[in-house]
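Okay, so here's the structure we're looking at.
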Amino acid sequence: MELTLGDGTRTWARLDPEAVHGRGTVAPRLAFQFKGRSAREKMDVQIHFMHGELMVGEERLGQGTLTGAHLAPTGYQLELEIPVSRAALEYIDQALTGSAIDVALRLSGWLRARDLNDDNPSYVSQPQAGEWIFENFGQARDTRLHFQIPRSEWFSKALEPIGTVEYICTEIAVPRADSDLRQAANHLKDAERSLREGHDSQVFLFCRGALESLPGAPQRVFDNLESEQERKRLDALMLAAGNYLHLGRHTAKDGPREGEFAVDHADAAFALNLAKLLLAQTARVLARPSR
């Protein structure tokens, strides 16, 4: 989403978010890359100082500065590095839902600019064509540049370079519309929607429903397998997963969360990934030739 910098009567600069990268394992930072350009031709804009605060809602997780950028109408690549703690990274990952990470830079500072165009309305308070002025931004109004980062890029480009965690990828096969497993896949879609909306206990409900809708569930899903030992182990695995997914269907009887569902967003994300993997690999096991 584009952000404009100006005084309300004249726009001096436009900022467009691009990417976020992680750097440093000892002193981790997030590098926010964005393009800045003057608002029109024949306009010179120099950002003398820019202060950026990393915001998730109203939670400030870090801050950094940028100085000395000369913007042109064609665009100038800008980068603002913000030192972040590992607790802040964990907060971002846990606090946000959906398929993308949404964060913002709250920007303030000052710029120097002049407009060489002579077609602007003439007001007493307005600078004349070619006159240099200093302009503050971010003081009178909340000036935020929003970044939406796909979760896959958040993992690979932000977290991995910092050394927070390492990730491996696996293929998740989605059953076709005519598959016996399609109903289970539909339940997982409902679980994904619940995760995006922050309804953590419902994620468990739909994931449990996905396993219960498998053909032959709960104890005869793998009846077609020739190996009795393999059947028993897979049945036991499915039973254990089903028992785990019961966590989101009952409230706590005692303790600090008495009366509440004893699951949080991290639990819900784990449950969804577990159910996806079980469904995908069950489809492969059932589809393979007899041996």
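The opening position of the sequence shown corresponds to residue 1 in the numbering used here, with each subsequent residue numbered one higher.
Yeah, the Cβ is synthetic: ideal placement off N, Cα and C, and Gly gets one too.
When the Cα atoms are used, what is the spatial distance from Ala87 to Leu211?
Here residue 87 is taken as the residue at index 87 of the sequence shown, counted from 1. Here residue 211 is taken as the residue at index 211 of the sequence shown, counted from 1. Each residue's alpha carbon lies about 34 Å from the other.
Reduced DSSP secondary structure (H/G/I, E/B, other) of Ala284
Position 284 of the sequence shown, counted from the start, is the residue given in the question as residue 284. One point to set straight first is that residue 284 is Arg, not Ala, in the sequence displayed. Helix, per DSSP.
What's the gap between the Cα of Leu111 and the Cα of Arg60?
The residue you call residue 111 lines up with position 111 of the sequence shown. The residue you call residue 60 lines up with position 60 of the sequence shown. Computed Cα separation, rounded: 24 Å.
Within 8 Å, do at least three Cβ pairs link the region 230-250 to the region 179-193?
no
With distances taken between CB atoms, is the gap from Thr11 to Ala39 smaller than 8 Å?
Here the question's residue 11 lines up with position 11 in the sequence shown. Here the question's residue 39 lines up with position 39 in the sequence shown. Contact: yes.
Check whether the region 262-269 touches the region 228-236, taking contact to mean three or more Cβ pairs, one atom from each stretch, closer than 8 Å.
no
Figure out for me which residue from Phe147, Leu107, Ala158 and Gly130 has the closest Cα to the Cα of Arg29.
Within the sequence shown, the letter at position 29 stands for residue 29. It is Ala158 whose Cα lies nearest to the Cα of Arg29.
My understanding is that Leu89 touches Gly36, with C-beta atoms under 8 Å, so please give their C-beta distance in whole angstroms.
As a working mapping, residue 89 is identified with position 89 in the sequence shown. As a working mapping, residue 36 is identified with position 36 in the sequence shown. Their Cβ separation, rounded to whole angstroms, is 26 Å, which puts Leu89 and Gly36 out of contact at 8 Å.
Figure out for me which residue from Ser213, Ala113 and Phe270 has the closest Cα to the Cα of Arg283.
Here residue 283 is taken as the residue at index 283 of the sequence shown, counted from 1. According to the sequence provided, residue 283 is Ala. The question's Arg does not apply to it. Cα-wise, what sits closest to Ala283 is Ser213.
Considering only their Cβ atoms, is the gap separating Leu145 from Phe34 smaller than 8 Å?
The residue given as residue 34 occupies position 34 in the sequence shown. The residue given as residue 145 occupies position 145 in the sequence shown. Result yes, Cβ atoms of Phe34 and Leu145 sit closer than 8 Å.
Return yes when the Cβ of Ser108 is within less than 8 Å of the Cβ of Thr143, no when it is not.
In the sequence shown, counting from the first residue as 1, residue 143 sits at position 143. In the sequence shown, counting from the first residue as 1, residue 108 sits at position 108. Yes, they are a contact pair.
Between which two residues does the alpha helix (DSSP H) holding Ser201 run?
Counting from 1 along the sequence shown, the entry for residue 201 is found at position 201. First-last of the alpha helix (DSSP H) with Ser201: Asp200 to Glu212.
Selection from Ile92, Gln126 and Val285 that minimises the alpha carbon distance to Gln292
Since the first and last residues shown for the chain are 1 and 291, residue 292 lies out of range.
Status (buried if at least 16 other CB within 10 Å, exposed otherwise) for Ala104:
For the purposes of this step, residue 104 is taken as residue 104 along the sequence shown, with counting starting at 1. Answer is buried; the Cβ neighbour count reaches 16.
Could you tell me which residues DSSP puts in a beta bridge with Met50?
In the sequence shown, residue 50 corresponds to position 50, counting from 1. Leu66 and Gly109.
Three or more C-beta pairs under 8 Å: does that hold for the region 215-231 against the region 190-201?
no
Can you pull the DSSP bridge partners for Val84?
For the purposes of this step, residue 84 is taken as the residue at position 84 of the sequence shown. DSSP output for Val84 lists no bridge partner at all.
Between the CA atoms of Met50 and Gly75 - distance to the nearest angstrom:
The residue labelled residue 75 in the question sits at position 75 within the sequence shown. The residue labelled residue 50 in the question sits at position 50 within the sequence shown. Going from the Cα of Gly75 to the Cα of Met50 covers about 17 Å.
For the alpha helix (DSSP H) holding Ser194, just list the boundary residues, first then last.
In the sequence shown, counting from the first residue as 1, residue 194 sits at position 194. It spans Arg182 to Glu197 - the alpha helix (DSSP H) in which Ser194 sits, taken as one unbroken run.
So, under 8 Å CB-CB, Gly62 and Ile82 are touching, yes? Tell me the CB distance rounded to an integer number of Å.
Reading the sequence shown from its first residue, position 62 is the one you call residue 62. Reading the sequence shown from its first residue, position 82 is the one you call residue 82. At roughly 4 Å, the Cβ-Cβ gap stays under 8 Å, so Gly62 and Ile82 are in contact.
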